[in-house]
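Student: Okay, so the sequence shown: first residue is 1 according to UniProt numbering, each after it adds one. Yeah, the Cβ is synthetic: ideal placement off N, Cα and C, and Gly gets one too.
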Amino acid sequence: MGLLILLLEKGVMGIPCFEATLARTADVELCLPKEEVLPISYSSLEAASSSPIPRYIMLYEEAEEGPQRGGCGRNCLRNCCIQGAKFPLYSYKGLNNIAKHKHMSHEARDPPVAFLESLLLGEWEDRMHRGLFRYDVTACETKVIPGQYGFIAQLNEGRHLKKRPTEFRVDKVLQPFDDSKFNFTKVGQEEVLFQFEASENDEIQFIPAAPIDVKNSPSIVAINVSPIEYGHVLLIPRILECLPQRIDQESFMLALQMAMEAGSPYFRLGYNSLGAFATINHLHFQAYYLAVPFPIEKAPTRKITNMDAGVKISELLNYPVRGLIFEGGSFLQDLSNAVSGSCICLQDNNIPYNVLISDSGSRVFVIPQCYAEKQALGEVSPELLDTQVNPAVWEISGHMVLKRKKDYEDATEENAWRLLAEVSLSEVRFEEVKALIFEAISSLANDNGDGILREEQELLSQPLEEVDAENKSSSAIISRSQDCVVLQ
1 MGLLILLLEK
11 GVMGIPCFEA
21 TLARTADVEL
31 CLPKEEVLPI
41 SYSSLEAASS
51 SPIPRYIMLY
61 EEAEEGPQRG
71 GCGRNCLRNC
81 CIQGAKFPLY
91 SYKGLNNIAK
101 HKHMSHEARD
111 PPVAFLESLL
121 LGEWEDRMHR
131 GLFRYDVTAC
141 ETKVIPGQYG
151 FIAQLNEGRH
161 LKKRPTEFRV
171 DKVLQPFDDS
181 KFNFTKVGQE
191 EVLFQFEASE
201 NDEIQFIPAA
211 PIDVKNSPSI
221 VAINVSPIEY
231 GHVLLIPRIL
241 ECLPQRIDQE
251 SFMLALQMAM
261 EAGSPYFRLG
271 YNSLGAFATI
281 NHLHFQAYYL
291 AVPFPIEKAP
301 TRKITNMDAG
311 VKISELLNYP
321 VRGLIFEGGS
331 FLQDLSNAVS
341 GSCICLQDNN
351 IPYNVLISDS
361 GSRVFVIPQC
371 YAEKQALGEV
381 SPELLDTQVN
391 PAVWEISGHM
401 VLKRKKDYED
411 ATEENAWRLL
421 AEVSLSEVRF
431 EEVKALIFEA
441 ISSLANDNGD
451 GILREEQELL
461 SQPLEEVDAE
471 NKSSSAIISR
481 SQDCVVLQ
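#1: Give the straight-line distance between the Cα atoms of Leu290 and Gly73, rounded to the nearest whole angstrom.
#2: Measure the alpha-carbon distance for Phe326 versus Val364 and round it to whole angstroms.
#3: Which residue from Leu425, Ile247 and Phe331 puts its Cα closest to that of Ser342?
#4: Using the Cα positions of Cys370 and Val380, report the straight-line distance between them to the nearest angstrom.
#5: Based on the DSSP output, what are the partners of Pro211 in its beta bridges?
#6: Helix, strand or coil for Ser251 per DSSP?
#7: Note down, in chain order, each residue of its chain lying with its Cβ closer than 6 Å to the Cβ of Leu77, except the 5 sequence neighbours on either side.
#8: Within the same chain, show all residues whose beta-carbon is closer than 7 Å to that of Leu116, passing over the 5 residues directly before and after it, in chain order.
#9: Using only CA atoms, which one of Gln175, Leu316 and Gly131 lies nearest to Asn224?
#10: Give, in chain order, every unbroken run of the beta strand (DSSP E) that is at least 3 residues long and sits entirely within the stretch 168-210.
#11: Check whether the stretch 326-340 touches the stretch 393-400, taking contact to mean three or more Cβ pairs, one atom from each stretch, closer than 8 Å.
#12: Put Val137 into one of helix, strand or coil per three-state DSSP.
#13: In this structure, what does DSSP give as the bridge partners for Phe294?
#14: Quick one: residues in its chain with C-beta nearer than 6 Å to the C-beta of Thr387, no 5 flanking neighbours on either side, listed in chain order?
#15: Would Ile239 and Ile220 qualify as a contact pair, given that the criterion is a beta-carbon distance under 7 Å?
#16: In three-state DSSP terms, what is Pro146?
#17: Write down the C-beta distance between Val321 and Val428 rounded to the nearest angstrom, noting that I regard them as a contact closer than 8 Å.
#18: Is Val423 close to the ligand ADP? I mean its beta-carbon at under 6 Å from any heavy atom of the ligand.
#19: Per DSSP, what kind of secondary structure is Arg322 in: helix, strand or coil?
#20: Who are the Cβ neighbours of Asp136 in its own chain at under 8 Å, not counting the five residues just before and after it?
#21: Helix, strand or coil, according to DSSP, for Asn306 in the structure here?
#22: Could you give the C-beta distance for Val173 and Gly275, rounded to a whole number, given that I count them as a contact under 8 Å?
#23: Let me check understanding here. Comparing Cα to Cα, which of Asn415, Gly270 and Arg404 lies closest to Asn354?
#24: I'd like to check one pair, Gly323 with Ile367: are the Cβ atoms closer than 7 Å?
#25: Can you give the beta carbon distance from residue 489 to Pro218, rounded, assuming they're within the 8 Å contact cut?
#26: Have a look at Lys298 and Ser180 and give me their C-alpha separation to the nearest angstrom.
#27: Could you please give the first and the last residue of the uninterrupted beta strand (DSSP E) stretch that includes residue 491?
#28: Identify whether Ala63 lies in helix, strand or coil by the three-state DSSP scheme.
#29: Taking Ser264 and Ser360 to be in contact with their CB atoms under 8 Å, please state how far apart those CB atoms are, rounded to whole angstroms.
#30: In this structure, how does DSSP classify Leu116 when only helix, strand and coil are distinguished?
#31: In whole angstroms, what separates the C-alpha of Ser226 from that of Arg134?
#32: Please classify Gly131: does DSSP put it in a helix, a strand, or coil?
#33: Inspect the beta-carbon positions of Ala222 and Glu191 and report whether they are closer than 7 Å.
#34: Quick one: using the 10 Å Cβ neighbour count with 16 as the cut-off for buried, is Ser443 buried or exposed?
#35: Which residue comes first and which comes last in the beta strand (DSSP E) that contains Lys374?
#36: Am I right that residue 489 and Ile304 are in contact with their C-beta atoms under 8 Å? What's the rounded C-beta distance?
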């Protein structure tokens, strides 16, 4: 059995291009068979080398040849093939009871542990070299569109032709899981990168080949075979439970844990509900690295309220799509409860939505939307329909994946704004949805001994504050003529 260290030096826009002081990062335990535990630190690797060690290091156990298992012949994740399967296991520290660092800039924080980042990108790179993706995303042209927000445009001409087609209704946010449709238990085991679970002893550990615990249904990280960016992966909570695409408290907490564990401002997770351009009805989040700020992250905000647990809730200003921002909290669980409660409210009221987790899990955007509904009602202009762009979480955040070269060459901030304005709820409808959300999370918070501060609840009924002349001129592009109703 050999232990391989693969050094990755690929320079791609999607990989974070910031320097790290390897000697200051924490050690990671690499757990080997027979209960051997080998501590691995970047400082020791660097000291043992005659030359500087690249930032991205992948550690894994060299696979041993063995007899081929039976099953359906596809080596999938279903009962026919899963017995005896082993995958790498990354165990993270339980953060439920650890107070978060509030109001602290990235510059003031210690450098993040790079091990998870190195593992994810190293395994992803391995799958790319093995030809498991439907196209080479690194060959796609990408540019930042000139303008105030810096929308990012990518030309990806083949993605919509090679993606799996949607196999369910787009007018129902909650639909039962259908095993006859495509789901992630049907993917090949070679698409799985690693298991992602809480550590039993509150220590970060990595096991190169851990057996799958079928009874406890592990959460896994797998490649997205139709990637948007370098390192594009899927986080699939409790994969063998075959959960439909709906957020619950446990699954959202897992996504926040992954964002915090990655510890990189360039790593974001996204979620699309059914009706908001999720294409697979099997619970999953998406994630990838992009080394530039998303436009939505740069948009101005207006504080609405604070919850007693320290979670601040704001709304976007001067951005083409209306949405809420959740941040802070005394504990990670506080933020998770507020966001998941909001998502559950939207689901229960059949309101499609998208979620972006940014800033290493400390900032979450929740965006209700109605573009698919407008499409069905014939209210989207032919010009926008011709672009074939389905505005899901990444597009709403400002990363525009374009399918025609003409649209890419003619991309402007005004065009991006015009498309996203059609995604947004009207001002009247957004106020109604906000009221639903605050009622839901207030009830949830009161059950937990928390709540929204009374003196700030008055802000919920106040009009938006005036913005400066420059912001007014930019926001004039937004169309407010259409109202959106709850899908029934």
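Tutor: Looking at the coordinates:
#1: Residue numbering aside, residue 290 sits at position 290 when the sequence shown is read from its first letter. Residue numbering aside, residue 73 sits at position 73 when the sequence shown is read from its first letter. Distance between the alpha carbons of Leu290 and Gly73: 36 Å.
#2: Numbered from 1 along the sequence shown, position 326 holds the residue referred to as residue 326. Numbered from 1 along the sequence shown, position 364 holds the residue referred to as residue 364. Computed Cα separation, rounded: 5 Å.
#3: Locating residue 342 in the sequence shown gives position 342, counting from the first residue. It is Ile247 whose Cα lies nearest to the Cα of Ser342.
#4: Residue numbering aside, residue 370 sits at position 370 when the sequence shown is read from its first letter. Residue numbering aside, residue 380 sits at position 380 when the sequence shown is read from its first letter. The straight-line gap from Cα to Cα measures roughly 11 Å.
#5: The residue you call residue 211 lines up with position 211 of the sequence shown. Per DSSP, Lys86.
#6: Locating residue 251 in the sequence shown gives position 251, counting from the first residue. Helix.
#7: What you label residue 77 is simply residue 77 of the sequence shown in a count that begins at 1. Hits under 6 Å: Thr185.
#8: Stepping through the sequence shown from its first residue, residue 116 is reached at position 116. Hits under 7 Å: Tyr90, Glu261 and Ala262.
#9: In the sequence shown, residue 224 corresponds to position 224, counting from 1. Here the closest residue by C-alpha is Gly131.
#10: 192-198
#11: no
#12: In the sequence shown, residue 137 corresponds to position 137, counting from 1. DSSP places Val137 in helix when its eight states are reduced to three.
#13: The residue given as residue 294 occupies position 294 in the sequence shown. Paired residues: none, contrary to the question.
#14: Counting from one through the sequence shown, the residue named residue 387 turns up at place 387. The answer, listed in chain order, is Asp407.
#15: Reading the sequence shown from its first residue, position 239 is the one you call residue 239. Reading the sequence shown from its first residue, position 220 is the one you call residue 220. The answer is yes: Cβ separation under 7 Å.
#16: In the sequence shown, residue 146 corresponds to position 146, counting from 1. Pro146: coil per DSSP, three-state reduction.
#17: For the purposes of this step, residue 321 is taken as the residue at position 321 of the sequence shown. For the purposes of this step, residue 428 is taken as the residue at position 428 of the sequence shown. Actually they do not touch by this definition, with Cβ atoms about 16 Å apart.
#18: This structure simply doesn't include the ligand ADP, nor any ligand for that matter.
#19: Walking along the sequence shown from the start, residue 322 turns up at place 322. Residue state, collapsed to three classes: coil.
#20: Along the sequence shown, one-based indexing puts residue 136 at 136. Met128, listed in sequence order.
#21: As a first step, residue 306 must be located in the sequence shown, where it is residue number 306. Strand at Asn306.
#22: For the purposes of this step, residue 173 is taken as the residue at position 173 of the sequence shown. For the purposes of this step, residue 275 is taken as the residue at position 275 of the sequence shown. 5 Å between Cβ atoms; contact.
#23: Looking up residue 354 in the sequence shown gives position 354. Among Asn415, Gly270 and Arg404, the Cα nearest to that of Asn354 belongs to Gly270.
#24: One-based indexing of the sequence shown puts residue 367 at position 367. One-based indexing of the sequence shown puts residue 323 at position 323. Yes. Within cutoff.
#25: With the chain represented from 1 up to 488, any question about residue 489 goes unanswered, as that position is not in the structure.
#26: Reading the sequence shown from its first residue, position 298 is the one you call residue 298. Reading the sequence shown from its first residue, position 180 is the one you call residue 180. Approximately 42 Å between the Cα atoms of the pair.
#27: Outside the displayed span of the chain (1 to 488) sits residue 491, for which this structure offers no information.
#28: Stepping through the sequence shown from its first residue, residue 63 is reached at position 63. Bear in mind that a pLDDT of 41 at Ala63, under 50, signals an unreliable position, so the number given afterwards is only what the model happens to contain. DSSP places Ala63 in coil when its eight states are reduced to three.
#29: Taking the first residue of the sequence shown as 1, we reach residue 264 at position 264. Taking the first residue of the sequence shown as 1, we reach residue 360 at position 360. About 7 Å; that satisfies the 8 Å criterion.
#30: Counted from its first residue, the sequence shown places residue 116 at position 116. Residue state, collapsed to three classes: helix.
#31: Mapped onto the sequence shown, residue 226 falls at position 226. Mapped onto the sequence shown, residue 134 falls at position 134. Cα to Cα, Ser226 sits roughly 6 Å from Arg134.
#32: Here the question's residue 131 lines up with position 131 in the sequence shown. Three-state DSSP puts Gly131 in coil, outside helix and strand.
#33: If you number the sequence shown from 1, residue 222 lands on position 222. If you number the sequence shown from 1, residue 191 lands on position 191. Yes, the Cβ-Cβ distance between Ala222 and Glu191 is below 7 Å.
#34: Reading the sequence shown from its first residue, position 443 is the one you call residue 443. Counting Cβ neighbours within 10 Å, Ser443 comes out exposed, since fewer than 16 surround it.
#35: As a first step, residue 374 must be located in the sequence shown, where it is residue number 374. Not the beta strand (DSSP E): Lys374 falls in the alpha helix (DSSP H), residues Tyr371 to Ala376.
#36: Past the boundaries of the shown model lies residue 489; the chain is included only from 1 to 488, so the question cannot be answered.
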